[in-house]
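Mapped onto our numbering, the consecutive letters of the sequence shown carry residue numbers 23 to 470.
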Amino acid sequence: MNLRQTRVQRLLAAIEPTGADDDAASSDIDLRAMFGALGPALLEASQATNEVEVTLLGLARAYGRPDLRVCVLPTLIIIEDPKTEKAAVFPATGEPLRLDQAGSIEELVQRAASDQLEPARVVSEVERITRSKPRFGFLLSLLGQVLLTLGFGMVMNPTPTAVPIYAALGLVVGLILMIGSKARTLSLVLPVLTAFVATVAVSFASQSVTEGNVLLLVAPALVSLLPGLTLTIAAVELTNGQIMAGASRLVYGFARLGLLAFGVYVGITVTGASLTENTSSERLGAWAPWVGILLVGVGYYFSEVAPKRSMVWIVFALALAYAAQLLGHTLLGTELSGMIGALVAVPAIYLASHLRTAPPPAVMLTCAYWMLVPGALGFIGLSEAASGTAGAAGTLMQTIGSIVAIAIGMVLGTGISRDTGAAARAWNRHGTAHRAAVSSNAPSDTRR
Numbered sequence: 023m024n025l026r027q028t029r030v031q032r033l034l035a036a037i038e039p040t041g042a043d044d045d046a047a048s049s050d051i052d053l054r055a056m057f058g059a060l061g062p063a064l065l066e067a068s069q070a071t072n073e074v075e076v077t078l079l080g081l082a083r084a085y086g087r088p089d090l091r092v093c094v095l096p097t098l099i100i101i102e103d104p105k106t107e108k109a110a111v112f113p114a115t116g117e118p119l120r121l122d123q124a125g126s127i128e129e130l131v132q133r134a135a136s137d138q139l140e141p142a143r144v145v146s147e148v149e150r151i152t153r154s155k156p157r158f159g160f161l162l163s164l165l166g167q168v169l170l171t172l173g174f175g176m177v178m179n180p181t182p183t184a185v186p187i188y189a190a191l192g193l194v195v196g197l198i199l200m201i202g203s204k205a206r207t208l209s210l211v212l213p214v215l216t217a218f219v220a221t222v223a224v225s226f227a228s229q230s231v232t233e234g235n236v237l238l239l240v241a242p243a244l245v246s247l248l249p250g251l252t253l254t255i256a257a258v259e260l261t262n263g264q265i266m267a268g269a270s271r272l273v274y275g276f277a278r279l280g281l282l283a284f285g286v287y288v289g290i291t292v293t294g295a296s297l298t299e300n301t302s303s304e305r306l307g308a309w310a311p312w313v314g315i316l317l318v319g320v321g322y323y324f325s326e327v328a329p330k331r332s333m334v335w336i337v338f339a340l341a342l343a344y345a346a347q348l349l350g351h352t353l354l355g356t357e358l359s360g361m362i363g364a365l366v367a368v369p370a371i372y373l374a375s376h377l378r379t380a381p382p383p384a385v386m387l388t389c390a391y392w393m394l395v396p397g398a399l400g401f402i403g404l405s406e407a408a409s410g411t412a413g414a415a416g417t418l419m420q421t422i423g424s425i426v427a428i429a430i431g432m433v434l435g436t437g438i439s440r441d442t443g444a445a446a447r448a449w450n451r452h453g454t455a456h457r458a459a460v461s462s463n464a465p466s467d468t469r470r
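Printed below as a string of structure tokens:
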């Protein structure tokens, strides 16, 4: 039985009204149960706490209960009903949702807000979505991990000698992740183990092949473990005044980076490898990052089990974020390029999501955030610091600056999207009211 559903049932049994004929109280409990199912699912879909709070408060207004109080933290939802003066606590401790599950949850929220679905039906739909099996099997998921590594490698460090290393590391790391995630004990040390194995594999390769760029070769292979999205969401939450949520998520993100950096440190200690970068390597042409983006899009589609017919839109979101980041790099420099990337990508993705064939914005936004890559910079900086490499502090400061810049761009982009959406809805309501008034004032047909 689903863990979230079990806890919801136990909670409802504790707060169930004593009178069986108390329909109003029962309806309120059903509404809280709906929030207790949707809220954790939204958090597990990698949405910021402030975004989840806005979504739940919007649902409360749609269901005629704007007085409900909602408090959202990264691992739980608190719903307080002023009528009963009771608070319900719902944990959000499930596994992260796949992209297809995240898209289905967002579509369910939109249908619930527009059609006022029965709360019990919404709860059952959430349970069905979270318990659904992935469409792709072991081999396609492994292929997705290989393509992700290869694609991010071609974006970060597109050298001819590195391409086969990316493919091999993607295969090895993909096998470790897919097998290790099945064993709970092994999953606890998976970041350290994966970083260690990848570092040792690269370090033992021929110097003529690796050219001394150990970190640049290892980072793309660990992209599935890098907490870039976590750090970005943490900065967004802090920017929106969600101090507890943002601070706790920030600590978790840097702790994850620390585990990965420790794995690299152990690997270079065992092998005696050097982290000195060779920047004189021959690089592929300007086309390489764009091919990398295409590979990343296909890799995400398989590894994260994206919704059907969403591959083109995922590639669109990745290319848009990368192009906007390049523009920001030209205008404002490296540290602030992520702000331009997010500022351009977020409104454009929300606009594109209105097209009939487009997936929900959460699917495209998640992929776009990954392309901004603050996690890779932080991983490289911490690994250099652990090994005593010169310039590590500068890389870490650049990472922090990039995270803050991306967060500001996301906040501004989301605000622009909401303001333009509200203005469009107001304009449509005004136009509808005007047409209705003109129609009512028109002379009636008196012909006989």
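A virtual CB, placed ideally from N, CA and C, is assigned to each residue, including glycine.
Inspect the beta-carbon positions of residue i and residue j and report whether they are closer than 9 Å.
i	j	result
Asp103	Arg120	no
Leu65	Val76	no
Val194	Val219	yes
Arg271	Leu244	no
Val111	Ile100	yes
Leu215	Ala189	no
Leu169	Ser246	no
Arg278	Pro180	no
Tyr322	Gly166	yes
Gly125	Ala328	yes
Ala55	Ala135	no
Met266	Leu95	yes
Ala82	Leu60	no
Val286	Leu237	yes
Pro62	Pro113	yes
Ser221	Thr106	Strictly speaking, residue 221 in this sequence is Thr, with Ser absent from that position. No, the pair does not count as a contact, with Cβ atoms beyond the cut-off.
Pro249	Met178	no
Met386	Trp309	no
Ile425	Ala256	yes
Gln264	Thr97	no
Phe324	Leu162	yes
What span of residues does the beta strand (DSSP E) with residue i cover, start to end?
i	result
Ala110	Lys108 to Pro113
Arg150	Per DSSP, Arg150 belongs to no beta strand (DSSP E); it is in the alpha helix (DSSP H), Pro141 to Thr152.
How is residue i classed by DSSP in three states: helix, strand or coil?
i	result
Leu306	coil
Leu95	strand
Glu326	coil
Asp89	coil
Glu75	helix
Glu102	strand
Ser434	It is Leu, not Ser, that sits at residue 434 in the sequence shown. Three-state DSSP puts Leu434 in a helix.
Ala267	helix
Arg120	coil
Arg489	This structure gives no information on residue 489, because the portion of the chain shown stretches from 23 to 470.
Thr14	Examination of residue 14 is not possible in this model, given that the chain is present from 23 through 470 alone.
Thr216	helix
Gln167	helix
Val211	coil
Ala67	coil
Ala205	coil
Ser136	helix
Ser359	helix
Thr181	coil
Ala227	coil
Pro249	coil
Distance check for residue j and residue i, CA to CA, integer angstroms please.
i	j	result
Leu191	Leu340	22 Å
Leu354	Ala427	11 Å
Leu434	Val131	23 Å
Asp43	Ala67	The predicted position of Asp43 is uncertain, since its pLDDT is 45 and thus under 50; a value taken from the coordinates is nonetheless stated next. C-alpha separation (whole angstroms): 37 Å.
Ala384	Gln123	10 Å
Leu281	Ala142	42 Å
Thr207	Ile201	12 Å
Leu373	Pro381	12 Å
Gly363	Arg87	37 Å
Val288	Gly423	28 Å
Phe338	Asp89	40 Å
Ser439	Thr379	20 Å
Leu164	Trp312	22 Å
His351	Ile430	16 Å
Tyr274	Leu197	25 Å
Phe160	Thr442	43 Å
Can you give me the start and stop residues for the alpha helix (DSSP H) that residue i sits inside?
i	result
Phe158	First-last for Phe158: undefined, no H or E at that position.
Ser332	Note, Ser332: premise wrong, no alpha helix (DSSP H); not H, not E.
Gly242	Correcting the residue identity first, residue 242 is Pro in this sequence and not Gly. Start and end: Val236 to Ala243.
Pro186	Ala184 to Gly202
Leu387	Pro383 to Met393
Should the segment 335-349 be regarded as contacting the segment 364-375, the criterion being three or more beta carbon pairs within less than 8 Å? Result yes; three or more Cβ-Cβ pairs closer than 8 Å.
Stretch pair the segment 317-337 + the segment 162-180: three plus CB contacts closer than 8 Å: With three or more CB-CB distances shorter than 8 Å, the segment 317-337 counts as touching the segment 162-180.
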